[in-house]
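Working notes, beginning with the structure itself.
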Amino acid sequence: MRVDLEGLVFARGPFTLRGSGTFGEGVHLVSGPVGGGKSTLALLLAGLLRPESGAVRRHGVSSALLLLQFPEHHITCPTVAGEVRSWGLAPEDVLLRADLLGRGDDDPFHLSRGELRRLTLACAVMQNPDLLVLDEPFSSLDCVAKGEACWMIEERGAGITIIFSHERAVLPRVDAIWEMEDGVLTARGSVPDAIPSWRHAPPYLRYALREGARPENIRLSDAREALCRIRG
Amino acid sequence: MIRITDLRHRLLDIPDLTLSTRHIAVIGPNGGGKTTLLSVCSGIEEPEAGSVRLLGRPPSAVKVGWVGEFPDRTLLFSRVYDEIASSLRFRHRPCPETDRTVRAVAEVGGIPRLLGKKVSALSGGEKALVALAAACVDDPEVLVLDEADSHLDAGTAERVSRVVQESKAAHILWCTQSMDTAATADYVLFMENGRVRHRGTPDEVFSALEETCFYPTMWRVCR
Chain B
1 MRVDLEGLVF ARGPFTLRGS GTFGEGVHLV SGPVGGGKST LALLLAGLLR
51 PESGAVRRHG VSSALLLLQF PEHHITCPTV AGEVRSWGLA PEDVLLRADL
101 LGRGDDDPFH LSRGELRRLT LACAVMQNPD LLVLDEPFSS LDCVAKGEAC
151 WMIEERGAGI TIIFSHERAV LPRVDAIWEM EDGVLTARGS VPDAIPSWRH
201 APPYLRYALR EGARPENIRL SDAREALCRI RG
Chain D
233 MIRITDLRHR LLDIPDLTLS TRHIAVIGPN GGGKTTLLSV CSGIEEPEAG
283 SVRLLGRPPS AVKVGWVGEF PDRTLLFSRV YDEIASSLRF RHRPCPETDR
333 TVRAVAEVGG IPRLLGKKVS ALSGGEKALV ALAAACVDDP EVLVLDEADS
383 HLDAGTAERV SRVVQESKAA HILWCTQSMD TAATADYVLF MENGRVRHRG
433 TPDEVFSALE ETCFYPTMWR VCR
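Order-wise, the sequence lines are chains B and D. When you line the first sequence up against our numbering, it's residues 1 to 232, in that order. When you line the second sequence up against our numbering, it's residues 233 to 455, in that order.
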């Protein structure tokens with residue numbers, strides 16, 4: 001299972017997006033500054049935008065899903081349980097997974113931001129598409145809710161997960177790092193080898209590297225463990 | 233000086249709070265009352281009971297600059313230049329002066345190239361920078377930022393910090409989910425369930441939060 005970007009070009013006004021590379025199975029993190037083209041690439045990957053030239057080719061991918069930056073944009077039903085059913089899922093399972101048991105009759109817009117994110121993320125993960133694209137899944141969340149979102153992403157065993165995020169404190173374990181800047185997609189490669197060349201690495205990771213530590217992944221706990229190993 | 237007495241408003245319950253420092257970070261979990269506190273302090277909402285005084289005056293009598301989490305909801309004009317110029321134009325300031333000020337503010341924010349653009353063509357981060365410039369253009373006495381850094385990357389967030397630091401505001405009330413940003417404030421309020429659970433210098437507040445994820449990541453690796 002993989003998604004190939006073949007000489008992808010997409011232009012809008014003076015902005016041009018270019019990208020090539022292969023997204024294999026596992027969790028990919030695409031980081032980069034705002035306005036760099038992350039959301040546009042997410043839409044291209046999900047097939048919601050068509051490139052001007054080049055192509056997004058899916059191999060062995062039979063289902064794809066894009067989770068939008070604002071979870072409220074996904075809501076189509078007046079109750080939480082109805083919302084879950086609209087995804088073709090059983091409310092009991094999803095509400096248990098999202099830690100929202102007993103909230104099935106509530107209006108989705110009465111959920112807090114963190115709860116709504118947990119709900120849409122649980123629906124997306126349990127629908128288990130081959131390709132799951134997450135646009136800024138951590139923004140607006142407190143660190144507790146970010147941690148829960150990371151846990152759900154890490155729990156997803158198979159498939160291709162592509163996370164677009166500028167998050168700098170709470171991150172999941174990932175397999176590969178990409179960067180998107182000024183419309184150009186650059187592959188940094190597999191983790192942990194990609195970490196030293198990751199320009200948008202969070203401050204704690206950069207600090208660990210400066211100290212001579214070699215974190216095995218990108219989470220704060222990985223940086224702390226690596227520092228412990230060299231500090232003894 | 234910001235002085236809050238016997239404040240009860242929606243879930244807020246703050247009997248007594250006096251803030252005399254300039255840069256105040258407001259942190260805590262989602263739904264803890266941070267935005268409600270900022271709304272009351274900036275005069276957007278009238279408290280149900282109790283009082284809030286900024287610089288000895290009610291918030292409505294103070295020039296407050298507000299930058300929300302979702303700039304789309306506060307940007308009024310379709311062109312960036314018009315948005316930033318709006319509060320000066322509403323005050324009937326001379327056109328040449330307005331033009332000079334708009335360009336100077338855009339320069340500080342690093343967004344001169346956006347002035348001629350349509351707001352609808354901007355990215356989320358660019359909109360946040362425009363909203364910040366519009367909030368700063370009329371030299372607010374108090375600057376309020378409600379998770380304005382939530383949708384920003386490191387470089388843009390740093391630029392926002394610089395613009396905020398350079399503003400002449402007597403107080404900056406800054407609600408953020410970045411504990412590393414909050415650690416640079418003069419004073420920190422940790423809000424939970426409508427109450428101020430912890431208050432003090434970053435050292436004082438974060439030492440009470442060391443066992444939680446609300447501890448700055450840099451402190452976690454450096455200390």
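Just so it is clear, CB atoms sit at the ideal spot from N, CA and C, and this is done for glycine as well.
| Sorted by chain position, which residues of the same chain lie with C-beta nearer than 7 Å to E315/D's C-beta, five sequence neighbours on each side aside? | Taking the second sequence and counting its residues from 1, the one referred to as residue 315/D is at position 83. The answer, listed in chain order, is L307, L308, F309, V351, V362, A366.
| message | Classify Q409/D: buried if its beta carbon has 16 or more other beta carbons within 10 angstroms, exposed otherwise. | response | As a first step, residue 409/D must be located in the second sequence, where it is residue number 177. Around the beta carbon of Q409/D, 16 or more other beta carbons sit within 10 angstroms, so the residue counts as buried.
| message | Can you tell me whether D412/D is helix, strand or coil according to DSSP? | response | For the purposes of this step, residue 412/D is identified with residue 180 of the second sequence, where counting begins at 1. D412/D: helix per DSSP, three-state reduction.
| message | Measuring only the C-alpha atoms, how far is H28/B from A293/D? | response | For the purposes of this step, residue 28/B is taken as the residue at position 28 of the first sequence. For the purposes of this step, residue 293/D is taken as the residue at position 61 of the second sequence. Their backbone Cα atoms lie some 51 Å apart in a straight line.
| said: Let me make sure I understand the geometry here. Which of L119/B, G102/B, L101/B has the alpha-carbon closest to that of F109/B? | reply: As a working note, residue 109/B is residue 109 in the first sequence. Each of L119/B, G102/B, L101/B was checked against the Cα of F109/B, and the nearest Cα belongs to L119/B.
| request: State the start and end residues of the unbroken beta strand (DSSP E) segment that holds W151/B. | output: As a working note, residue 151/B is residue 151 in the first sequence. Here W151/B belongs to no beta strand (DSSP E); instead the alpha helix (DSSP H) covers 143-155.
| For R50/B and A440/D, the rounded distance between their alpha carbons | For the purposes of this step, residue 440/D is identified with residue 208 of the second sequence, where counting begins at 1. For the purposes of this step, residue 50/B is identified with residue 50 of the first sequence, where counting begins at 1. When rounded, the distance between both Cα atoms is 51 Å.
| message | Does the structure place the segment 325-343 of chain D close enough to the segment 293-302 of chain D that three or more beta carbon pairs sit under 8 Å? | response | Contact fails between the segment 293-302 of chain D and the segment 325-343 of chain D, because fewer than three Cβ pairs, one in each stretch, are under 8 Å apart.
| field | Whole-number beta carbon distance between R12/B and G184/B, since they are thought to touch under 8 Å | value | Residue mapping note: residue 184/B aligns to position 184 of the first sequence, counting from 1. Residue mapping note: residue 12/B aligns to position 12 of the first sequence, counting from 1. It should be pointed out that residue 184/B corresponds to Val in this sequence rather than to Gly. Taking the Cβ atoms as the reference, V184/B lies roughly 15 Å from R12/B, outside the contact range of under 8 Å.
| request: Can you check DSSP and say which residues form a bridge with A363/D? | output: Residue 363/D sits at position 131 when you count from the first residue of the second sequence. Its beta-bridge partners do not exist; DSSP assigns none.
| request: Determine, using beta carbons only, whether W198/B and R214/B come nearer to each other than 8 Å. | output: Along the first sequence, one-based indexing puts residue 198/B at 198. Along the first sequence, one-based indexing puts residue 214/B at 214. No Cβ-Cβ contact shorter than 8 Å links W198/B with R214/B.
| Should N425/D be flagged as near chain B, meaning a C-beta pair shorter than 8 Å? | Locating residue 425/D in the second sequence gives position 193, counting from the first residue. No, no contact with chain B.
| From what residue to what residue does the beta strand (DSSP E) around M423/D run? | Looking up residue 423/D in the second sequence gives position 191. Annotation: the continuous beta strand (DSSP E) that includes M423/D extends over 419-424.
| request: Measure from the alpha carbon of P33/B to the alpha carbon of each residue in R391/D, R452/D, V395/D, then state which is nearest. | output: On the first sequence, residue 33/B is found 33 positions in, with the first residue counted as 1. That would be R391/D, whose Cα lies nearest to the Cα of P33/B.
| said: Tell me the residue span of the alpha helix (DSSP H) that contains G341/D. | reply: By one-based count along the second sequence, residue 341/D stands at place 109. Where G341/D is concerned, the enclosing alpha helix (DSSP H) stretches over 327-341.
| Under 7 Å by beta carbon: chain B residues contacting G356/D | Sequence index remark: in the second sequence, residue 356/D carries index 124 (1-based). V34, listed in chain order.
| query | Between T388/D and the rest of its own chain, which residues show a CB-CB distance below 6 Å, the 5 nearest in sequence each way excluded? | reply | Walking along the second sequence from the start, residue 388/D turns up at place 156. Sequence-distant partners of T388/D (beyond 5 residues in either direction) whose C-beta falls short of 6 Å from its own C-beta, in its chain, are G357.
| is_contact[G265/D, chain B] using C-beta, thresh 8 Å | Start at 1 with the first residue of the second sequence, and residue 265/D comes out as number 33. For G265/D, the answer is no, since every Cβ of chain B falls outside 8 Å of its Cβ.
| field | Length of the line joining the Cα atoms of M152/B and G212/B | value | The residue you call residue 152/B lines up with position 152 of the first sequence. The residue you call residue 212/B lines up with position 212 of the first sequence. If you take the alpha carbons of M152/B and G212/B, they lie about 31 Å apart.
| Opening and closing residue of the alpha helix (DSSP H) in which V312/D lies | Your numbering for residue 312/D matches position 80 in the second sequence. Counting along the chain, the alpha helix (DSSP H) containing V312/D begins and ends at 312-322.
| Cα-Cα separation, R335/D to L375/D | Counting from one through the second sequence, the residue named residue 335/D turns up at place 103. Counting from one through the second sequence, the residue named residue 375/D turns up at place 143. If you draw a straight line from the Cα of R335/D to the Cα of L375/D, it comes to about 20 Å.
| field | Sub-8 Å separation of I163/B and L205/B beta-carbons | value | The residue labelled residue 163/B in the question sits at position 163 within the first sequence. The residue labelled residue 205/B in the question sits at position 205 within the first sequence. For I163/B and L205/B, no; Cβs fall outside 8 Å.
| Validate contact between the segment 392-399 of chain D and the segment 422-432 of chain D using beta carbons, cut 8 Å, 3 pairs | A contact between stretches requires three or more CB pairs, one per stretch, nearer than 8 Å, and the segment 392-399 of chain D fails this requirement with the segment 422-432 of chain D.
| message | Can you tell me which residues form a DSSP beta bridge with V30/B? | response | Against the first sequence, residue 30/B aligns to sequence position 30. For V30/B, which the question treats as bridged, DSSP gives the partners F164/B, W178/B.
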